[in-house]
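**Q** Okay, here's the structure, questions in a sec.
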Ligand SMILES: [Zn+2]
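Protein chains in written order, with the numbering used here: chain A, 1 to 98; chain B, 99 to 597.
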């Protein structure tokens, strides 16, 4: 059974910029542990004569030609943005004052 | 008491590490078909892939792979028969996907080297800089920080993002640690970046403009007491935007670290920003540890497995190494180091070579490009090659060599071509710039010179041949430099009974 601690969850939440309540941390530590445990069962069937893969299809070298195709317009690109200024995406303060 | 640079390097041994990022000059981005052109209106070169919209699928730009393999080969690397992309996860608004598609434990090129030559007071020295890896990734968007007391990211009220640059192919070239450079560390770093830039330019894979950010250098340095055999804690300096800054930033950082160590303080492993005005560095945001990026293989992209045939085809395309080429040309042209250095600094080596190939006499080709044309280019703050073509220069030089133009007339032809009056032939025609070698036309000017300086003429008649110089000069002046000087001399001496 793969274990994931409450601290692990807090660390991951911080990296993902997700604010979490203490009870959510407890809950997710248990739940993520169970999910990891379920996935870990794959290791029981994996055999030494099968190479690990990161892609379901055994293909390689899929390339496109270096040809420009039309992009989105500025309006289209910004249409889903919660805030915009001067044709740019507006995002909240990134870092606090030093 | 503070240590200056010399004292610092007499006591401490610097160890370098250099990371260079190169934007490739492909037409389209790394994983989508958006244009890469510099300077477009904000957010007009984006699509669902480079904006990180859900469900968008990346496809690798084949040209970018080719360029990266070329870079690896030029740096004497092994090309991995199997390499993969990975996601480097971090939350930062300049990466709309919240991860950067990069390469992690399976880069495409590994284990190369570049021999770097520097000139010192003890003569020329060569340092071998070993290359750890060359890998592919993508550039980030550009942020503009608004408000706050400093105009910098710290304390800004909000930031504005332009994703035109997000997804432009980026190649990262990482050296192994470079020990043993001693006090020459900053010079070696500068020479490495310079040679690397020349190689990248000769490969034609990047614009390599440091001031526009298509070539960027992060410089790592650590200090340890000389002879200790230890490695100190390093700092990483970013925002180094010119070759000169590479040298300045490292010199300043070595001094700073040495003085901290002298004061019994420890060096913090951190990212620092180079300040162009002062030549100093200031601390930047603290670096997230490598494991925090939670790298994992990119599931949307298949592996890259270049076969030997493809690699050999690319290897056959490699141009001559620029440093070797420079040595060869210098020997061919028989020019001293100083003149070769001027040509290299002015980025005129290629231009001069081409002009010579087009039939120009080598010495004149160098003199015209370094002299008159560079002078006008400096005045107008443009590149010499933007003023006049190698073909025109070669044509003008051929006319000088054949005696159809004097240097003085040629200068006027160059001026005319630069001012857009047409080809050298057109300018010669329109301005009537022909060497006057017609005897009767010259005789009038010769007789005028003799009557203006009768005493000089008398001395020449009496056998004082060198005195004729003053008369020849007067004729040249009267004809506006258009007279064929050899012909004038011949006619004059004959006229004065000395022919
Ligand atoms: Zn795109």
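Every residue, glycine too, gets a C-beta built ideally from N, C-alpha and C.
Helix, strand or coil: which one does DSSP assign to residue 84 of chain A?
**A** Residue 84 of chain A: strand per DSSP, three-state reduction.
**Q** Are any of the Cβ atoms in chain A nearer than 9 Å to that of residue 297 of chain B?
**A** For residue 297 of chain B, the answer is no, since every Cβ of chain A falls outside 9 Å of its Cβ.
**Q** Using a Cβ-Cβ cutoff of less than 8 Å, which residues in the same chain neighbour residue 581 of chain B once the five nearest sequence positions on both sides are dropped?
**A** Answer for residue 581 of chain B: 504, 533, 534, 535, 540, 543, 573 and 574, listed in chain order.
**Q** Would residue 203 of chain B be called buried (16 or more neighbouring beta carbons within 10 Å of its own) or exposed?
**A** The residue is exposed, with fewer than 16 neighbouring Cβ atoms inside 10 Å.
**Q** Rounded to a whole number of angstroms, what is the C-alpha to C-alpha distance between residue 128 of chain B and residue 219 of chain B?
**A** Near 45 Å, if we compare the C-alpha coordinates of residue 219 of chain B and residue 128 of chain B.
**Q** Going along the segment 169 to 202 of chain B in order, which residues come within less than 7 Å of chain A, judged by CB to CB distance?
**A** Listed by position, the residues of the segment 169 to 202 of chain B near chain A (Cβ gap below 7 Å) are 182, 189 and 191.
**Q** Can you tell me whether residue 551 of chain B is helix, strand or coil according to DSSP?
**A** Note: residue 551 of chain B maps to coil in three-state DSSP.
**Q** Going by the C-beta, is residue 199 of chain B closer than 8 Å to any heavy atom of ligand 1?
**A** Incorrect: residue 199 of chain B has no Cβ contact closer than 8 Å to ligand 1.
**Q** Helix, strand or coil, according to DSSP, for residue 193 of chain B in the structure here?
**A** Looking at residue 193 of chain B - three-state DSSP - the assignment turns out to be coil, as it is neither helix nor strand.
**Q** Is residue 127 of chain B near ligand 1, with its Cβ less than 8 Å from a heavy atom?
**A** Indeed, a heavy atom of ligand 1 lies less than 8 Å from the Cβ.
**Q** What is the rounded straight-line gap between the Cα of residue 240 of chain B and the Cα of residue 87 of chain A?
**A** Cα to Cα, residue 240 of chain B sits roughly 13 Å from residue 87 of chain A.
**Q** At which residue ranges does the segment 151 to 180 of chain B contain complete alpha helix (DSSP H) runs of 4 or more residues, listed in the order of the chain?
**A** The qualifying runs are 160 to 172.
**Q** Which bits of chain B does residue 93 of chain A rub up against, with CB to CB less than 7 Å?
**A** Near residue 93 of chain A (Cβ distances below 7 Å), the residues of chain B are 254, 255 and 256.
**Q** Using the DSSP secondary-structure output, state which residues sit across from residue 259 of chain B in a beta bridge.
**A** DSSP output for residue 259 of chain B lists A/89 and B/241 as bridge partner(s).
**Q** Any beta carbon from chain B within less than 9 Å of residue 80 of chain A's own beta carbon?
**A** Interface residue, yes.
**Q** Report all residues from its chain with a CB closer than 7 Å to the CB of residue 213 of chain B; omit the five preceding and five following residues, and keep chain order.
**A** If we look at residue 213 of chain B and ignore the five residues flanking it on each side, its Cβ neighbours are 224 and 226.
**Q** Under DSSP, the alpha helix (DSSP H) around residue 7 of chain A begins and ends at which residues?
**A** From DSSP, the alpha helix (DSSP H) with residue 7 of chain A extends over 6 to 15.
**Q** Residues of chain A with CB closer than 7 Å to the CB of residue 395 of chain B, please, in chain order.
**A** Within 7 Å Cβ-Cβ: 54.
**Q** Just to confirm, are residue 333 of chain B and residue 379 of chain B a CB contact at a threshold of 9 Å?
**A** Their beta carbons are under 9 Å apart, which means residue 333 of chain B touches residue 379 of chain B by this criterion.
**Q** In chain order, what residues of the same chain have a beta carbon less than 8 Å from the beta carbon of residue 155 of chain B, not counting five sequence neighbours either side?
**A** Result list for residue 155 of chain B: 147 and 398, in chain order.
**Q** Tell me, please, which residues DSSP counts as bridged to residue 234 of chain B.
**A** Partner(s): B/269.
**Q** Near residue 285 of chain B, what residues of its chain come up, given a Cβ to Cβ distance below 7 Å and the 5 sequence neighbours on each side ignored?
**A** Around residue 285 of chain B: 216 and 345.
**Q** Please tell me whether residue 8 of chain A has its Cβ less than 9 Å away from any Cβ of chain B.
**A** Output row for residue 8 of chain A: interface = no.
**Q** Can you give me, in chain order, the residues of the segment 130 to 161 of chain B that have a beta carbon less than 7 Å from any beta carbon in chain A?
**A** Residues 131, 132, 133, 139, 140, 141, 142, 143, 144, 145, 149, 157, 158, 159, 160 and 161.
**Q** Quick check on residue 254 of chain B: buried or exposed, where buried means 16 or more other Cβ atoms within 10 Å of its Cβ?
**A** Answer is buried; the Cβ neighbour count reaches 16.
**Q** Taking the alpha helix (DSSP H) that residue 437 of chain B belongs to, which residues open and close that run?
**A** Taken as a continuous stretch (DSSP letters only), the alpha helix (DSSP H) holding residue 437 of chain B covers 435 to 443.
**Q** Under three-state DSSP, which class holds residue 391 of chain B?
**A** Residue state, collapsed to three classes: helix.
**Q** Rounded to the nearest angstrom, what separates residue 77 of chain A and residue 135 of chain B at their Cα positions?
**A** If I take the Cα positions, the gap works out to 17 Å.
**Q** Pull up the distance between the alpha-carbon of residue 349 of chain B and that of residue 103 of chain B, whole angstroms please.
**A** Those two C-alpha atoms are separated by around 7 Å.
**Q** Residue 460 of chain B and residue 493 of chain B: beta carbons closer than 9 Å?
**A** Against a cut-off of 9 Å, the Cβ pair of residue 493 of chain B and residue 460 of chain B comes out as no contact.
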